[in-house]
Amino acid sequence: MDKNQIESLREHLLNLLSGAWAHMEFDKAVADFPPDLRGNKTQGIPYTAWQLLEHMRIAQWDILEFSRDPKHVSPDWPSGYWPQTEAPVSNSGWDESVSRFKKDLEAMRKLVESPETDLFSKIPHGTGQTILQEAMLMADHNAYHLGQLVLLRKLLAG
12 MDKNQIESLR EHLLNLLSGA WAHMEFDKAV ADFPPDLRGN KTQGIPYTAW
62 QLLEHMRIAQ WDILEFSRDP KHVSPDWPSG YWPQTEAPVS NSGWDESVSR
112 FKKDLEAMRK LVESPETDLF SKIPHGTGQT ILQEAMLMAD HNAYHLGQLV
162 LLRKLLAG
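Going by the numbering used here, the residue at position 121 of the sequence shown is 132; the numbering climbs one at a time, nothing skipped.
Structure follows, in structure tokens:
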């Protein structure tokens with residue numbers, strides 16, 4: 012690929028990570044999520060909004076740290092990727108999770124955006140993964156669970 016093609020790919024990845032194309036953006040999905048519904052379940056859905064938010068945050072953090080830190084150790088699967096509680100301890104717990112999610116998403120965007128980042132080289136401490144692959148994994152995982160979060164909100168709100 013030439014330089015223009017790589018820059019175009021970076022731009023597409025950045026848009027994919029932001030969710031600005033075919034999916035709802037993260038900020039819109041969590042905006043004004045009713046505090047009294049954050050720890051509620053509904054029939055047929057085994058997760059609460061809090062559990063989905065925290066799972067998204069933890070998984071995204073893990074993907075980011077794997078991508079940039081050779082000493083990173085991933086949490087145990089699956090227990091380390093889900094919160095222990097069905098609801099946040101407080102409203103500030105929800106807000107902190109949202110803030111950390113956004114911070115880590117921005118860090119991945121900066122990694123992808125940097126001309127210093129080779130999107131195609133294998134991550135030295137991985138088993139064949141590339142930054143391109145990890146960015147797409149993050150975007151895919153976020154979109155999947157964001158859809159669940161939006162649906163859950165609609166079902167809970169009635």
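For each residue, glycine too, the CB sits at the ideal point set by N, CA and C.
Alpha-carbon to alpha-carbon, residue j and residue i
i      : j      : result
His23  : Arg120 : 11 Å
Ala154 : His34  : 7 Å
Ala40  : Phe131 : 32 Å
Gly137 : Gly169 : 45 Å
Gly30  : Ala150 : 8 Å
Leu25  : Val123 : 7 Å
Met147 : Leu27  : 8 Å
Ala98  : Asn51  : 8 Å
Ser90  : Glu65  : 12 Å
Lys14  : Asp129 : 12 Å
Asp38  : Arg21  : 22 Å
Asp80  : Glu36  : 27 Å
Within 8 Å, strictly: CB atoms of residue i and residue j
i      : j      : result
Thr59  : Leu166 : no
Pro86  : Trp61  : no
Ile17  : Ser78  : no
Glu127 : Ile74  : no
Leu63  : His156 : yes
Leu163 : Ile56  : yes
Same chain, Cβ closer than 6 Å to residue i, five either side skipped, listed in chain order
i      : result
Arg68  : Ser108, Arg111 and Phe112
Asp115 : Gln71, Trp72 and Leu75
Contacts around residue i, its chain only, beta-carbon distance under 7 Å, and the 5 residues preceding and following it disregarded
i      : result
Gly139 : Lys133
Ala118 : Leu75
**Prompt:** Do three or more CB pairs link the segment 99–112 to the segment 42–56 at distances below 8 Å?
**Reply:** yes
**Request:** For the segment 96–145, list the alpha helix (DSSP H) runs that are entirely contained and at least 4 residues long, ordered along the chain.
**Result:** 102–124
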